[in-house]
Structures are given as C-alpha cells and as structure tokens.
Amino acid sequence: MRSKKFRDKTSGKDKLVAKDDPQSAYAESFRYIRANIDFSGIDNEYKAIMITSPDPDSGKSLISANLAITYAALNKKTLIIDLDLRKPTIHKIFPECHSSYGITGLLKDVLKADEAIIETAVPNLAVLPVGITPADPSALLNSEKLKQLYHTLYETYDCIIIDTPPVMSVADAQTISSWVDGSILVVRNNYTKQENAKKALKTLHAAGAKVIGTIFNNTDMKMRDYYYGE
Ligand SMILES: Nc1ncnc2c1ncn2[C@@H]1O[C@H](COP(=O)(O)OP(=O)(O)OP(=O)(O)O)[C@@H](O)[C@H]1O
Ligand SMILES: [Mg+2]
Numbered sequence: 044m045r046s047k048k049f050r051d052k053t054s055g056k057d058k059l060v061a062k063d064d065p066q067s068a069y070a071e072s073f074r075y076i077r078a079n080i081d082f083s084g085i086d087n088e089y090k091a092i093m094i095t096s097p098d099p100d101s102g103k104s105l106i107s108a109n110l111a112i113t114y115a116a117l118n119k120k121t122l123i124i125d126l127d128l129r130k131p132t133i134h135k136i137f138p139e140c141h142s143s144y145g146i147t148g149l150l151k152d153v154l155k156a157d158e159a160i161i162e163t164a165v166p167n168l169a170v171l172p173v174g175i176t177p178a179d180p181s182a183l184l185n186s187e188k189l190k191q192l193y194h195t196l197y198e199t200y201d202c203i204i205i206d207t208p209p210v211m212s213v214a215d216a217q218t219i220s221s222w223v224d225g226s227i228l229v230v231r232n233n234y235t236k237q238e239n240a241k242k243a244l245k246t247l248h249a250a251g252a253k254v255i256g257t258i259f260n261n262t263d264m265k266m267r268d269y270y271y272g273e
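Pasting the structure below:
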C-alpha cells in the first residue's frame, strides 16, 4: 500500500481507500491482498484473520479496516474485531462507533451483542470495538467469556478481521493467533527492522500461528519518531 496521498497522521478515517476511492490503485492493492489470501486458502478457508506487526505504528489498524471493507464488498457478512485492548483505534477509523460501546460492555453484560456490534455505513460490514479500555487486558483476553464470544461470532459471520497489538510488545497477538485461521504480519518500509520481523515470525510460529503472509506497508509516516527512538 503506497502512502503519498495519505501522509497526514490522523486517525485513519480519511484513509479508507477501499470505501472512498475503490477505483484507486490503493484500493486495488487491498483486492490483490484479498485474492492472495483466498488463493492460499483454497484447501482451508481463511474465515478469521488476525492482523499484527512486529512493532507499533506499522499500519495494522488501517490495513485491518481496508481489508475488511474489501471482503464486505464481496457480499460477505464481515466483522472487524478490535482486540488491541491496550491501544484501541478501530472506533476512531469508523465514525459510526461510539468509544464507550464494545467488547468490555458486552463481556460485563452491560450491553447486548446487537448494541455492542456496530453496523457501519459500508454494506455488510460491522465493527466490534473495544469499548472502555480494560484495566487488565491479559485477563480479558484469556477469559473463557471472550473465547465463547469469539466462537459465536465465528459462526455468525462469513469473514472476521481482528486487529491486534504488536507481537514484540505483548503476548496478545500470540494468544489470538491460536484461535484464528490465519495471521498476517504487517511490515513497514524503512521502519521495521529485518531482525524484528524475523523475531516476530518466530514468536508467532512458536505460538502455533498459521502465518498466511506479510503485507509490506510502503509508507514514510512518523519517520521522525522512528529515528528519534533509535
Ligand atoms: N500506508 C499508509 N500511508 C499513510 N499513512 C498510513 C499508512 N498506514 C498507516 N498510516 C497512518 O499511520 C498511523 C499508524 O497506523 P495504524 O494506526 O494503522 O498503525 P498500527 O500498526 O495499528 O499502530 P499501533 O501499533 O499503534 O496499533 C495512522 O495515523 C495511520 O492512519
Ligand atoms: Mg493499531
């Protein structure tokens, strides 16, 4: 995915190329990714896909959103689940989502599923945001209730895209990778170190993840932050 046109550092809602500019080369790159996923899943369908990256700020959330839109465009009943319980952003990308709705409300029985899951303006696309950021994300992630919820959603939707935290920061992506059918690692041009990409792959494989492939996010966003962080 090339970035020249989308260099500002907003939440990403103005960068939903798959929705707003479906004829563009940017949107086409998502259809290409979808086709590759579908092709590699000929024998085993990839119905639930986790998107992760070695490091933060690699484009996981934006890619999750655009890829989900691309699946929804095929008339597949699609759901994005924000399982970045530490730094949720999917609700910022989809203005239909109110930040207080979501997984935490659902698991605490404050909300019903049809209140927590938000139908977006994109036909066939719903979003399950995090809601109130949980105090103990690991406990929530490893809870039986969340696993049950995931299994119910898996039966309800044709396609599930899960946004997660970076592999090198916390173990969440490893946990989630053991539930889903396939995982995708996002690496960012001139940002992700080869060493970290290798480590992240090794970590995912050690967790038993089926890594479908890698998305190369060709963007120069936040380069200053990167160099300052060195
Ligand atoms: N290809 C791109 N071109 C331009 N901007 C991009 C591109 N990909 C992502 N961005 C922008 O970079 C920032 C980080 O992207 P995003 O939030 O998707 O990354 P992330 O990997 O989910 O980050 P985190 O690890 O913090 O969850 C956002 O402002 C997003 O809109
Ligand atoms: Mg993110």
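Per our numbering, the very first residue in the sequence shown carries number 44; after that it's consecutive.
Glycine included, every Cβ here is placed at the ideal spot set by N, Cα and C.
These numbers were taken from a predicted model, which means no experiment stands behind them.
(request) Determine the contact status of Ser-226 and Thr-95, defining contact as a CB-CB distance below 8 Å. (result) yes
(request) Taking Ala-164 as part of the alpha helix (DSSP H), name the residues at either end of that continuous run. (result) No alpha helix (DSSP H) contains Ala-164, which DSSP labels as neither H nor E.
(message) Just checking Pro-99 against ligand 1 - is the residue's beta carbon closer than 7 Å to any of the ligand's heavy atoms?
(response) yes
(message) I'd like to confirm something about Ser-72: is its beta-carbon nearer than 7 Å to some heavy atom of ligand 1, or not?
(response) no
(request) Compare the C-alpha of Thr-176 against each of Ser-212, Met-211, Lys-130 and name the closest. (result) Lys-130
(request) Report the three-state DSSP secondary structure of Pro-137 (helix, strand or coil). (result) It should be pointed out that residue 137 corresponds to Phe in this sequence rather than to Pro. Phe-137: coil per DSSP, three-state reduction.
(request) Compare the Cα-Cα distances from Asn-167 to each of Ala-116, Asp-206, Arg-74, Tyr-75 and report the closest residue. (result) Ala-116
(request) Let me know if Asp-51 comes out buried or exposed under the rule of 16 or more other beta-carbons within 10 Å of its beta-carbon. (result) Confidence at Asp-51 is low in this model, with a pLDDT of 45, below 50, so the placement of that residue should be treated as unreliable; the coordinate-derived value is given next. Result: exposed.
(request) Quick one: measure Cβ to Cβ for Val-60 and Asp-125, integer angstroms, because I've assumed they're closer than 8 Å. (result) 20 Å between Cβ atoms; not a contact.
(message) In chain order, what are the residue ranges of uninterrupted beta strand (DSSP E) at least 3 long that sit wholly in the region 68-99?
(response) 91-95
(request) Could you check if Tyr-75 is buried or exposed, using at least 16 other CB atoms within 10 Å of its CB as the buried criterion? (result) exposed
(message) On the DSSP letters alone, give me the boundaries of the beta strand (DSSP E) that Gly-148 sits inside.
(response) Counting along the chain, Gly-148 falls outside any beta strand (DSSP E), though it belongs to the alpha helix (DSSP H) covering 146-150.
(message) Could you check whether the Cβ of Asn-1 sits closer than 7 Å to any heavy atom belonging to ligand 1?
(response) Nothing about residue 1 can be read from this structure; the chain reaches only from 44 to 273.
(request) Could you spell out the range, first to last residue, of the alpha helix (DSSP H) harbouring Asp-63? (result) 60-63
(message) I want to check one thing, is the minimum distance from the CB of Thr-176 to the heavy atoms of ligand 2 below 7 Å?
(response) no
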